[in-house]
Each structure stands twice: as structure tokens, then as C-alpha cells.
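**Q**
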DNA sequence: AGAATTTGAGAAAGCGTTTTCTCGAAGCGT
DNA sequence: ACGCTTCGAGAAAACGCTTTCTCAAATTCT
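Residue numbers (my numbering), protein chains in the order written: chain A, 792 to 1128; chain B, 792 to 1128.
#1: Below 8 Å CB to CB, which residues in the same chain sit around residue 926 of chain B once its five sequence neighbours on both sides are set aside?
#2: Less than 8 Å between CB atoms is the rule here; does residue 1124 of chain B satisfy it with respect to chain A?
#3: Please name the residue in A/1073, A/1040, A/1037, A/1049 whose C-alpha comes closest to that of residue 1051 of chain B.
#4: Find the nearest neighbour of residue 910 of chain A within the set B/1128, B/891, B/825, B/909, judged by alpha-carbon distance.
#5: Output, in chain order, the set of chain B residues within a Cβ distance shorter than 7 Å of residue 882 of chain A.
#6: Counting only C-beta atoms, is residue 812 of chain A closer than 8 Å to chain B at any point?
#7: Under DSSP, the alpha helix (DSSP H) around residue 837 of chain B begins and ends at which residues?
#8: In three-state terms, what does DSSP make of residue 976 of chain B?
#9: I'd like to know if residue 995 of chain B contacts chain A, where contact means its C-beta is closer than 8 Å to some C-beta of that chain.
#10: So residue 955 of chain B is in the beta strand (DSSP E); what residue range does that whole segment cover?
#11: How is the beta strand (DSSP E) around residue 1063 of chain A delimited, first residue to last?
#12: Under 8 Å between the Cβ atoms of residue 913 of chain B and residue 862 of chain B?
#13: Of the choices B/881, B/887, B/1041, B/1031, whose alpha-carbon is the least far from that of residue 894 of chain A?
#14: Could you tell me the distance, in whole angstroms, from the CA atom of residue 807 of chain A to the CA atom of residue 839 of chain A?
#15: Does the separation of the CB atoms of residue 1020 of chain A and residue 1046 of chain A fall below 8 Å?
#16: Whose Cβ in chain A lies nearer than 9 Å to the Cβ of residue 845 of chain B?
#17: Take every Cβ of the segment 872-887 of chain A, pair it with every Cβ of the segment 1092-1099 of chain A, and state whether three or more of those distances are shorter than 8 Å.
#18: Rounded to whole angstroms, what is the Cα-Cα separation between residue 998 of chain A and residue 958 of chain A?
#19: Relative to the C-alpha of residue 978 of chain A, which residue among A/986, A/963, A/984, A/921 is closest?
#20: With H, G and I counted as helix, E and B as strand and the rest as coil, what does DSSP make of residue 793 of chain B?
#21: So is residue 1070 of chain A buried or exposed if we call it buried at 16+ other beta carbons inside 10 Å?
#22: Answer with yes or no whether the minimum CB distance from residue 1044 of chain A to chain B is below 8 Å.
#23: With residue 942 of chain B and residue 970 of chain B assumed to form a contact (beta carbons below 8 Å), what rounded beta-carbon distance in angstroms separates them?
#24: Are the C-beta of residue 1019 of chain A and some C-beta of chain B separated by less than 8 Å?
#25: Apply the 10 Å Cβ neighbour rule to residue 901 of chain B and answer buried if 16 or more other Cβ atoms are within range, or exposed otherwise.
#26: What residues of chain B sit near residue 1074 of chain A, judged by a beta carbon separation below 8 Å?
#27: Quick one, which residues of the segment 950-982 of chain A are near chain B if we go by CB-CB under 9 Å, in chain order?
#28: Can you pull the chain B neighbours of residue 852 of chain A, defined as C-beta to C-beta under 7 Å?
#29: Give me, in chain order, the residues of the same chain whose beta-carbon lies closer than 8 Å to that of residue 1085 of chain B; leave out the 5 immediate sequence neighbours on both sides.
#30: On the criterion of 16 or more Cβ atoms from any shown chain inside 10 Å, does residue 991 of chain A qualify as buried, or is it exposed?
#31: Skipping 5 residues on each side, what residues in its chain have a beta carbon closer than 7 Å to that of residue 1101 of chain B?
#32: Around the C-beta of residue 830 of chain A, are 16 or more other C-beta atoms found within 10 angstroms, so that it is buried, or is it exposed?
#33: Considering residue 1007 of chain A, what are the terminal residues of the beta strand (DSSP E) in which it resides?
#34: Looking at the strands, I want to know which residues DSSP matches up with residue 895 of chain A.
#35: Should residue 874 of chain A go down as buried or exposed, given a rule of 16 or more other Cβ atoms within 10 Å for buried?
#36: May I ask you to report which of helix, strand or coil DSSP gives residue 1121 of chain A?
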């Protein structure tokens, strides 16, 4: 091994030499071990300062068996929801001296297991954000990924905390809101095939159907981003519905834009709801009625759960469920007579 | 060192034992070294597969002296501009098997050097995104951070590629646009004190002033986020200006909202411009006139530069400058008579 | 067939730390 | 003053891998 020939980054050995002690002693001093003579400790410290020594984290990680890093796997980093979760997670983790490594699966569910495994090997834990993989895969993968925290998903695998949002309830409340406004023909513009939160919405809407047999509700295929909403404008018009439940805010915004291009007025001709309450939902034209989810807090809490798991591998794994809050804004209005 | 007592993650030694070879041979097989007998290589491969062996990246990093990870330091992860850069960087890096580690300095310039140093030690390189530190600090830090790529900043330090945006030009074009619409009293809502791109805008506006001595232009203190724009509504009104150049889209949107609350109509009473063209700029009420910057491409290019630096430490360090493109939308209109 | 060469794989060193082990020196009591 | 404990620091092992070094076996050449 002679990768680097001569001089390079200064290491613990250099400090040891300069201070005239062994590297073991330097290590002791750097880690605040008090079994070192104060006079020697001071000598080590000045030597370290003079050389501007900073321990190599890789060597440290190898010896310590931890990296002070956690990974997060998201389906799409372009989605403001996941951006907000990432931010909450990153800020909270940084507070405790941890960094976060990101992996974007680009909505390809087969990539998730690979990315998650890779991330886990590099990190002390991994947060899976709205994974698209099947329940079976998730449960099988869980043990090898532990410590792991799930967002928008749960599993029966042991010791896996879950942060859930009650999308089923939220979508029902939005539907009810539309019904209260007089809408009788609704349409749901659904999300990614493999999204668990989409499935929850569908279950919620099933319930809604039995509660409101008088209401017509059509389910249309869709996606999770702006473009898929935009492309669905035609299908939405064809459906004849006047109250539209979009999968999320992004889809709603795309739809808003697509409808605007076709001269459809919102909310006069058609009412539209989103989901998540991303930061920009209130600044669309018109402002978006949506179901608010505390996304940044989700990231924050994900870190707290992760910390518990890291500190105590046998920690219990609670499931938290957040209730979305309907935010009525300008994109919904009374149905036309 | 007996951190973990008994059984744990399986390592190269387990594979070696099972295949009846030395770990050196396992390593050779795993790394595609062809000086291994095909028959033995096959035995190793099946052993590895049966044990589901995955090399430990930390051990690997220590031996190889590289981590296949790069760091990025941003002033504020809540800012869509930096989110987009991060995304571009992450996607491009992932393409080449690299991961990205994030660090958010929360606009605290004194944290940047620490975060960047820490990131650099953990990673093979670091991208500094719109650093707030002084030129002197930046130049002093550069050698210890190499390979490093700068975004929205440049330095005289050797081998430091820079990706720049000509904010000075962009802001002049926006100002000219407002003048063309008949505005005679302009105001610039400035950004963070330490932002280099803000300084560039100010230089551009100085030039604008000499080119258009007949135009009144006031500089107001501000910030970089939605709230600071919102809070500036009062000061903007007090200035008497009818054409407002906001530091960026976020500030413009906050201002839009603040003005709306005060019953000011945009663009009838006042024209507003943003900067960056974040994805949501076109969906505000009214849609925001702004200067578009190819932010995702910036991240993408940052990775390409980084890759050049990693592959060839003596690579030259070009400076790319992007020209913002004025996007005229609904937030600007003719000045009132 | 014997010497020279090539091939292939194990032994071992090295990457930069932390931590256990070990042992000399100092401190204590009697 | 002697044996006991305590203290402090160096030596060395360990973390998990890659790669050089080394040498036996197989191959080639004369």
C-alpha cells in the first residue's frame, strides 16, 4: 500500500511525534480521557493546535463502528414534501452532530432496496421516506436495515418506528368539504401506483362512498408531480366532475395550470383540492384548498426516533399518526347550479 | 477492542472461510482482479452470494483513501434554489456511483468553514454553494478543501472551478424592463448582507444608475426568504417606488403576499420582479416576472467539475458564467399615469 | 530434463483511529 | 524500608478492507 508517496494529510502520528508521546496518548487526549497527566495533555493539545490536526473520520468510524451519519431514501427529491422532510431531518440531526446522506430512488421501487442497503452500510441508520416497495419486501428488508425509521409507511418487522399521516381521513374530509359546497360529481386524481399513501386515500374514498352513496366519485389514474396533473386536465374535463381531489398539491397545481389553459375557471367552474400544504400551496392562483400535513416536523420527529434507536438498540418502536388539517382556500367554491 | 461481542455483520473473513481461501483472494475476486483461477473465483462468488456478503464501505474507504461521497454546504436548505442545486448535484453524482452528504449553515457564515472542513474530511470533495464567508477566508480555506467546486462565488485560489451567474446583468435587465414599462421610481429589496450574489446585484444596479440618471432607485435592506419579503411590504410602500426589484423569487412572493394584504394591486399599482425562476414562480398570483437561472443544471455541472477534479487532481479549473434570462409574466405592468 | 519464466494465492503490511493490555514508576500504609 | 495499590503511558491488537510482497507450483524454453 503506497497509494500516496510522500507527505499528505497530517495524522495522529504526527501529533504524537511532535508532542513526544505515543499516538495512544494523543487519542486519549483528543477524546477527553482524563487518565492523562495534565502537563502532557497540554503538550498534546498545543501540538495538535500547531499542526491543525483533525482526526480522520474514516479511521475513527472504523474503530468506533459508527459514522455519525444517517441516510435517507426518498422517491423524488424534486417533490417539496420530501424536500421539507429532508430539511427537518437534516436540521434535527445536525443538532446532535449527525450528518445526512441522501439517496433518490426516482420512484423506481426496485432501486429502493439497493439504495437503502447501501446507505445503511455507510451510515448508522436509515430513514425510508414513503417507500414504494411491497409490504413483504419492506418487512424482509427491515432487519438488515435496522436502525430504520419509516415515514408514510409501517411494517410488522420489530423495532421499526413509523411516522404516519392519516391520508384516508384527510381525503374524506376534503371530499366532505366539496360535498358541503354542493358538488355531486367528484373525481380523484390518483397518485403513483405503488404509493402506500395513495392506497390509503383510496381506502378513505371507499369509506366515503359508502357514507355518501348519493355522490358520484370517479377514480382517475395520475402521478405525483406537476406534469402529471397538467396532463390530466383533459381527462378531468371528460369526467364531468366538478369537484376534483388531486393526489397532492403538486398535482393540483399542474391541474390548475392545465385547466387555466383550457379556459376553465377555478373555483367558479370547478373546485380543486390538493394535499400536504406545501409552502407554495397558498400562493397559487387561486390559493389551494388542501389538507395540511406537518411535513418538516415529520423529518424532525424521524430524527428523534432514529436517535432513540441508535442510543438504545432495544428501544420500543412507536407508531405516530398525524391528522391532516383541512385548509380551505380559494380553489374550492360552491358548485354551479 | 471488543465493542461487539459475538456474531455480527458478516465480513470478508467469513466469505474466505466458507470458500476455503484467504481474504486476499476474496478481495481480488470482489474487485474483478483477473489473476484468480476461474474455478476459485466461482467458489468465492457463490460463497459471497450465499452469505449475502457486501463489503464494508468504511473499511474500504480507509484502505482506498476515498469515500465515494461528496459534500455540499448550503446557506439554507429551505430555499428552493439550493434545493434544486442539491437535486441536480445528487442526481448527477448518483449516476457515477457517488452519494452526497448535506450540510446547512443556516446563513451563519462562521459555521461554513467548520461544516465545509468536516464535510471535506468525510468526503472526496466538497461543493460550496453561495458561501457567505469573505473572499479572504474563502481563499485561505480553498487549499485545505480541494477538490472543491464553488457555486455563485469565485476565488483566486488555484484549481477551484466556479459556476457563476451574472446577477449584475440580470438585475439590470429587469430594471430596464421596468423602465420600459414606464416606471421612474424603482426600489431594490436587497438580500443577505454577506451574499456575494447580492453584491453583484448592487454593482449591476450602480451601473444601471449611471446608464439611467433620470431614474430614481432606492436600496432597501431585506433578506432571502419569504418572510423577509413579507415584512418589507410597509417599507416598500413608504418608499413610493412603483417598480420593485426583489432579491429573489421567494422575497418577491413574500412581498406579493404582504402587499396583497394591504390592498395593493399587482401589477396595476405596483410592479414586482423576482430572481431565479424557481419552479413555483409561474404559479403565483400574478405569475412572477423574474430572471431565470438554470439552477438544476448548475448542480449537474457542479458534479461534472467535481468529477474532473477527483479523477485528475491537476485538472484545470474553469469558470462558467450563466446569463440569466428575463421571463416576463404577470407581476409587472405599465406604470400608472 | 533442468533452468528460466510465468501464474496464482497466501502472508502480511498498511490505511488512521480507539481501546485493551501490560508494565514501570510513583504513592500509600505499616 | 518493604510490599501493596494506583496511576499513567507505551505497545499492540482490533476495526474491515486493499495491495504489495513472497514463494510454491505450473508452465515454457533450450
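Using N, Cα and C, we set each Cβ at its ideal position, and we do this for glycine too.
**A** Checking against the coordinates, here is how it stands:
#1: The answer, listed in chain order, is 946.
#2: Taking 8 Å as the threshold, the shortest C-beta distance from residue 1124 of chain B to chain A does not fall below it.
#3: Closest option to residue 1051 of chain B, judged by alpha-carbon separation, among A/1073, A/1040, A/1037, A/1049: A/1073.
#4: Taking only the C-alpha atoms, the option nearest residue 910 of chain A is B/891.
#5: Per Cβ cutoff of 7 Å: 895.
#6: Not one chain B Cβ lies under 8 Å of residue 812 of chain A.
#7: 829-842 is the extent of the alpha helix (DSSP H) around residue 837 of chain B.
#8: Of the three classes helix, strand and coil, the one that applies to residue 976 of chain B here is strand, per DSSP.
#9: Judged by the 8 Å Cβ criterion, residue 995 of chain B is not in contact with chain A.
#10: Run containing residue 955 of chain B: 953-956, per the beta strand (DSSP E) assignment.
#11: Unbroken beta strand (DSSP E) run through residue 1063 of chain A: 1062-1064.
#12: Yes, the pair counts as a contact, with Cβ atoms nearer than the cut-off.
#13: Out of B/881, B/887, B/1041, B/1031, B/881 has the C-alpha closest to the C-alpha of residue 894 of chain A.
#14: Rounded to the nearest angstrom, the two C-alpha atoms are 9 Å apart.
#15: Remark: C-beta atoms of residue 1020 of chain A and residue 1046 of chain A approach each other more closely than 8 Å.
#16: What residue 845 of chain B touches in chain A: 908, 909, 912.
#17: They touch, by the three-pair rule.
#18: Computed Cα separation, rounded: 12 Å.
#19: Scanning A/986, A/963, A/984, A/921 for the CA closest to the CA of residue 978 of chain A turns up A/963.
#20: A caution first: residue 793 of chain B carries a pLDDT of 37, below 50, which makes its placement in the model too unreliable to give a value.
#21: Within a 10 Å sphere around the beta-carbon of residue 1070 of chain A sit 16 or more other beta-carbons, which makes this residue buried.
#22: True, the Cβ-Cβ gap to chain B drops below 8 Å.
#23: Under the criterion of beta carbons closer than 8 Å, residue 942 of chain B and residue 970 of chain B do not qualify as touching, at roughly 31 Å.
#24: So no, residue 1019 of chain A is outside the interface.
#25: Under a 10 Å Cβ-count criterion, residue 901 of chain B is classified as exposed, with fewer than 16 other Cβ atoms of the shown protein chains found around its own Cβ.
#26: Against chain B, a Cβ distance below 8 Å from residue 1074 of chain A picks out 1044, 1047, 1048, 1071, 1074, 1075, 1076.
#27: If the cut-off is 9 Å between Cβ atoms, the segment 950-982 of chain A has nothing near chain B.
#28: The answer, in chain order, is 849.
#29: Taken in chain order, the residues that qualify are 1113.
#30: Looking at its Cβ environment, which holds 16 or more other Cβ atoms inside 10 Å, residue 991 of chain A is buried.
#31: 915, 916, 938.
#32: Residue 830 of chain A is classed as exposed because its beta carbon has fewer than 16 other beta carbons within 10 Å across all chains shown.
#33: DSSP places residue 1007 of chain A in the uninterrupted beta strand (DSSP E) bounded by 1007-1011.
#34: Under DSSP, the beta-bridge partners assigned to residue 895 of chain A are A/865.
#35: By the neighbour-count rule (16 or more Cβ atoms within 10 Å), residue 874 of chain A is buried.
#36: If DSSP states are grouped into helix, strand and coil, residue 1121 of chain A belongs with coil.
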